[in-house]
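Since the structure comes first, as structure tokens, the remarks are kept for the end.
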Amino acid sequence: MKRQLHLNLFIHSRGHHEASWRHPASSPLALTDIRYYQDLAQRAEAGLFDSIFLADQLALGNDAAQAPRTWLEPVTVLAAVAVATKRIGLIATCSTTYTEPFNLARQFGSLDHISNGRVGWNIVTSWLATAADNYGGAGQLSHADRYARAEEYMAVVSALWDSWAEDAVLDDRAGGRYAKPDRIRPIDHKGECYQVAGPLNLPRTPQGRPVFVQAGSSDTGRQFAARHAEAVFTAHLEKGTARAFYADLKSLVTAQGRSPDHVLILPGLSAMIGSTEAEAQRLARDTEDLSDPEVGRKRLSGRFGGHDFSHLPLDRPLSPEDFPEPSSVEAARSRTEVIVGLVRRERPTLRQLLGTLAGARGHFTFAGTPEQVADLIEDWFTNGAADGFNIMPPLLPSMLDVFSAEVVPLLQRRGLFRTAYAGTTLREHYGLPWPASRFDHVALQQA
Numbered sequence: 001m002k003r004q005l006h007l008n009l010f011i012h013s014r015g016h017h018e019a020s021w022r023h024p025a026s027s028p029l030a031l032t033d034i035r036y037y038q039d040l041a042q043r044a045e046a047g048l049f050d051s052i053f054l055a056d057q058l059a060l061g062n063d064a065a066q067a068p069r070t071w072l073e074p075v076t077v078l079a080a081v082a083v084a085t086k087r088i089g090l091i092a093t094c095s096t097t098y099t100e101p102f103n104l105a106r107q108f109g110s111l112d113h114i115s116n117g118r119v120g121w122n123i124v125t126s127w128l129a130t131a132a133d134n135y136g137g138a139g140q141l142s143h144a145d146r147y148a149r150a151e152e153y154m155a156v157v158s159a160l161w162d163s164w165a166e167d168a169v170l171d172d173r174a175g176g177r178y179a180k181p182d183r184i185r186p187i188d189h190k191g192e193c194y195q196v197a198g199p200l201n202l203p204r205t206p207q208g209r210p211v212f213v214q215a216g217s218s219d220t221g222r223q224f225a226a227r228h229a230e231a232v233f234t235a236h237l238e239k240g241t242a243r244a245f246y247a248d249l250k251s252l253v254t255a256q257g258r259s260p261d262h263v264l265i266l267p268g269l270s271a272m273i274g275s276t277e278a279e280a281q282r283l284a285r286d287t288e289d290l291s292d293p294e295v296g297r298k299r300l301s302g303r304f305g306g307h308d309f310s311h312l313p314l315d316r317p318l319s320p321e322d323f324p325e326p327s328s329v330e331a332a333r334s335r336t337e338v339i340v341g342l343v344r345r346e347r348p349t350l351r352q353l354l355g356t357l358a359g360a361r362g363h364f365t366f367a368g369t370p371e372q373v374a375d376l377i378e379d380w381f382t383n384g385a386a387d388g389f390n391i392m393p394p395l396l397p398s399m400l401d402v403f404s405a406e407v408v409p410l411l412q413r414r415g416l417f418r419t420a421y422a423g424t425t426l427r428e429h430y431g432l433p434w435p436a437s438r439f440d441h442v443a444l445q446q447a
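Each residue of the sequence shown is one higher than the last, beginning at 1 in our numbering.
Below, the structure is given as structure tokens:
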């Protein structure tokens with residue numbers, strides 16, 4: 001079978017451009033109106049997207065006065081979206097640092113049941129320094145400590161999802177037996193960070209467990225992804241770095257004894273699409289004119305763990321020395337590396353850098369015709385840079401609609417993208433194997 005690309009819709013604010021909320025082409029619905037998310041998911045499902053994705057952060061940003069985001073808690077949102085859709089995969093972010101493993105295992109297990117097997121978990125260790133103040137105030141864990149904690153976390157939630165055998169539920173009304181007690185076992189985990197008895201108070205889910213998604217691209221994040229991830233969201237500002245990342249991560253996956261085909265790499269792509277290249281560029285300029293560089297300056301500070309950039313003039317060329325060393329940043333280290341790499345290559349002014357980041361926060365932005373967008377996707381897909389894309393429309397729903405109506409048919413005619421869903425679960429959409437139940441394996445180890 002010919003290799004097929006994968007498309008995820010990343011839902012963020014009224015679009016991924018930071019000024020999208022002001023644009024007349026963006027949705028008039030409030031960002032707290034569940035119909036907004038249900039409608040976008042239905043549109044993406046009509047376009048045969050593999051999945052939708054909701055990110056999350058656990059603190060209010062310092063730019064809230066002028067930069068609305070996605071305010072509703074994503075796990076709650078996906079429960080409502082699940083009953084408004086039938087096929088499309090549903091992915092949400094949840095933190096390993098600030099969520100108890102039992103709670104997360106139960107929530108995502110419930111979502112997988114509610115959606116009949118369409119759920120994925122975007123695993124994050126929470127990079128915002130301000131999030132720590134909302135969870136005990138003891139200060140932010142270091143980058144290394146967050147990932148070490150996440151390793152134990154993965155062991156706990158995986159054991160919880162495996163604590164019911166696939167054949168545990170009988171639902172035998174005539175015989176009066178609902179479940180086989182010998183097919184449900186505690187996990188009795190006692191580790192450095194967690195003590196969890198188990199079992200989960202929920203039967204094994206339709207997919208066995210959620211699809212594991214991850215977005216960290218630092219060295220530590222790549223190693224974590226190689227061990228656990230089944231899909232990886234990543235940010236690149238040029239094809240060259242995307243190809244290098246793709247090759248490196250696939251080799252790390254292979255070194256872990258896993259098939260590289262079972263870890264999909266999906267770079268972000270934010271495309272402003274017009275009937276002509278000139279029209280697309282005009283749409284991009286019109287949107288950029290609505291942005292505020294001081295909002296961008298605040299967001300840049302957050303990316304670098306609260307570093308103060310207020311002294312930098314807007315129109316002086318930048319140098320890497322204007323930024324903290326990425327390895328010293330305890331926030332989202334991979335994104336800081338992308339930003340400093342851009343500064344090193346192109347020496348933009350702060351105004352130019354903020355304009356670049358305003359489009360999609362360090363993901364690849366593009367303005368062109370449907371044919372040009374399809375050409376870009378095919379080029380990256382066929383030349384070792386991507387297994388598909390995390391589509392990040394700058395304006396929602398308008399640019400999603402244009403992408404589905406104009407770009408998707410081109411990809412289909414080129415034999416690159418599905419013309420109908422072949423399955424009903426996210427695993428089937430992504431072409432991933434079913435995780436084998438470890439119930440009997442673990443039981444034998446414990447005997």
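Note that beta-carbon positions come from the ideal geometry of N, C-alpha and C, so glycine has one too.
Around the CB of Q214, 16 or more other CB atoms lie within 10 Å, so the residue is classed as buried. In this structure, L202 lies near S110, with their beta-carbon atoms less than 8 Å apart.
DSSP places D172 in the strand class (E or B) of the three-state scheme. A247 is not a Cβ neighbour of A386, given a cutoff of 8 Å. The distance from the Cβ of L90 to that of S126 is about 21 Å, inconsistent with a contact at the 8 Å cut-off. If you draw a straight line from the Cα of A41 to the Cα of P206, it comes to about 21 Å. A Cβ-Cβ contact shorter than 8 Å links P210 with G120. Cβ atoms of L354 and A44 stay farther apart than 8 Å, at about 29 Å. In the pairwise beta carbon analysis, the stretch 248-262 is classified as not touching the stretch 138-157: fewer than three pairs are separated by under 8 Å.
The three-state reading of DSSP puts Q107 in helix, counting H, G and I together. One Cα belongs to S291, the other to A168, and the distance between them is close to 55 Å. Considered as a whole, the stretch 40-92 harbours 74-82 as its complete alpha helix (DSSP H) runs of no fewer than 4 residues, in chain order. Using a Cβ-Cβ distance cut-off of 8 Å, the stretch 407-415 and the stretch 68-77 are not in contact, since fewer than three pairs of beta carbons, one from each stretch, lie closer than that value. Our two residues, E192 and R204, have alpha carbons roughly 26 Å apart in a direct line. If you draw a 10 Å sphere on the C-beta of K250, you find 16 or more other C-beta atoms in it, and that means buried.
The shortest C-alpha to C-alpha distance from R185 to any of L200, A174 and A59 is the one to L200. Distance between Q38 and R418, taken at the CA atoms: about 22 Å. Counting other Cβ atoms within 10 Å of its Cβ, T287 reaches 16 or more and is therefore classed as buried.
For the 8 Å CB-CB criterion, L395 and L5 do not form a contact. Contact between A360 and M272 does not hold, since the beta-carbon distance rounds to 10 Å and is not under 8 Å.
In this structure, the straight-line span from the alpha carbon of K86 to that of T424 is close to 8 Å.
In this structure, DSSP gives A358 a helical state, which the three-state scheme calls helix.
Unbroken alpha helix (DSSP H) stretches of 4 residues or longer found wholly inside the stretch 198-283: 219-228 and 239-255, given in chain order.
For H307, the CB contacts under 7 Å within the same chain, skipping 5 residues up- and downstream, are S301 and P324 in chain order. Inclusion of L141 and T97 in the CB contact set at 8 Å is warranted, their separation being smaller than that value. In this chain, the beta strand (DSSP E) harbouring W121 covers V119 to V124. Looking from the CA of D289, the closest CA among L9, R22 and A82 belongs to R22.
In this structure, N134 places its C-beta atom within 8 Å of the C-beta atom of L58. Comparing C-alpha distances from L432 to each of L29, A82 and R118 shows the shortest one belongs to R118.
In the structure shown, the three-state DSSP call for A385 is coil.
Between P317 and R347 the beta-carbon gap is near 5 Å, inside 8 Å, which marks them as a contact. Counting every other CB atom within 10 Å of its CB across the protein chains shown gives Q107 a total of 16 or more, marking it as buried. The Cβ atoms of S27 and I88 do not sit closer than 8 Å to each other. Bridge pairing for G305: absent [DSSP]. I11 carries a strand assignment under DSSP once its states are collapsed to helix, strand and coil.
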